[in-house]
Amino acid sequence: MAWRRGVREFLLHVDPAIPRSPAWRRVSSASHHRTIQAVPREASGGRAAAKERAQGRVPSVVVSLSGSAQLPREAPRQLISTDAKQIKEILKQSPYFCTTPIQLQVRAGVRSSAVLQSGTVLPIKISTNKKTGEILNLIMAWAEKGKEILVTVPLEFKGEDACIGLKKGGYLHKVRNALKYECPLEHIPQKIDVDISNLDIGDKIFAHDLQVDSSLKLLSNKITVPLCEIKAPKPEANSDE
């Protein structure tokens, strides 16, 4: 009720020691999925990371790709800590997390409203424990509109139900599941659809066959390697009578 919220705000003003909910919990459900809340962290290494995770945090890094630095490993790194629950909720809302620009706010503390730094980032890599699903770490890059950035775009194969070769008994052989591009932030595709509906047995699709924005520059030295191929049916093994 409104009067209860008013009393709580009054008490918080009088006594700042009263615990407050994390910043991302105090914003609307629609907006918190668009903004990752983080705080600075000083310690690095395995023990420090384990302590972060035990507290429900995700050891995270945000890199700057300004100047001549083009690869995350060459770029200046900023150690931050993000909330594991929030990252999990964002992942549920965004299946193409690593190709979706998102807002980042670095606050002075977990329960602080003071914003130290904010801007748009592109998630680069998220590592999870395959057995438990626990998020181990997260790497992001500051991304400015109009700036060229490296991105790995997943491929999504479509049209299997209508594929000519598959109807003849062939099978889809996927060679690559993603492609690396350099492109402006505003033109990053979340995914690239690969339509195989018109492929017959023996047909292949290459990277140059894909319909992508002209601003995307393919970063690959294997342009002659197909993305997929419709293979002929495997001969059935003769069973001994």
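Residues in the sequence shown are numbered consecutively from 0, following numbering that gives the first Met the number 0. Using N, Cα and C, we set each Cβ at its ideal position, and we do this for glycine too.
1) Beta-carbon separation of isoleucine 229 and leucine 165 under 8 Å?
2) Straight-line CA distance for aspartate 194 to alanine 231?
3) Between which two residues does the alpha helix (DSSP H) carrying arginine 46 extend?
4) The ligand FMN and lysine 144: does any heavy atom of the ligand fall closer than 7 Å to the residue's C-beta?
5) Quick one: using the 10 Å Cβ neighbour count with 16 as the cut-off for buried, is alanine 142 buried or exposed?
6) Secondary structure at phenylalanine 96, three-state DSSP: helix, strand or coil?
7) Can you tell which of Leu135, Val109, Thr98 has the C-alpha that lies nearest to the C-alpha of arginine 46?
8) Excluding the 5 residues flanking isoleucine 123 on each side, which residues of the same chain have their C-beta closer than 7 Å to its C-beta?
9) Using C-beta distances below 7 Å, list every residue in its chain close to alanine 177, excluding the 5 sequence neighbours before and after it, in chain order.
10) Under 8 Å, do lysine 144 and leucine 184 count as touching if we go by C-beta distance?
11) Between arginine 36 and glutamine 85, which are expected to be in contact by the criterion C-beta below 8 Å, what is the C-beta distance as a whole number of angstroms?
12) Could you pull out every residue in the same chain whose Cβ sits closer than 8 Å to the Cβ of threonine 127, ignoring the five residues on either side in sequence?
13) Can you give, in chain order, each stretch of the beta strand (DSSP E) that sits fully within the stretch 68-151 and has at least 3 residues?
14) By the 10 Å Cβ neighbour count, where 16 or more other Cβ atoms means buried, how is asparagine 220 classified, buried or exposed?
15) Please return the same chain residues whose Cβ sits closer than 6 Å to the Cβ of phenylalanine 205, not counting the five positions on each side in sequence.
Here's the rundown:
1) Cβ distance < 8 Å, so isoleucine 229 and leucine 165 count as in contact.
2) Their Cα atoms are separated by approximately 19 Å.
3) 45-53 is the span of the alpha helix (DSSP H), which, as asked, contains arginine 46.
4) Ligands displayed in this structure: none; no statement on the ligand FMN is therefore possible.
5) By the 10 Å Cβ count, alanine 142 comes out buried.
6) When secondary structure is reduced to three states using DSSP, phenylalanine 96 falls in the helix class.
7) Here the closest residue by C-alpha is Leu135.
8) Taken in chain order, the residues that qualify are Pro71, Cys97, Ile138, Met139, Ala140.
9) Once the five neighbours on either side are set aside, the close Cβ partners of alanine 177 are Thr151, Val152, Pro153, Leu154.
10) In contact: lysine 144 and leucine 184 (Cβ atoms closer than 8 Å).
11) It should be noted that the sequence gives glutamine, not arginine, for residue 36. Confirmed, about 6 Å.
12) The residues are Glu133, Ile134, Leu135.
13) You should have 76-82, 101-106, 114-127, 134-141.
14) Classified as exposed, asparagine 220 has fewer than 16 neighbouring CB atoms from the shown chains inside 10 Å of its CB.
15) Pro225, listed in sequence order.
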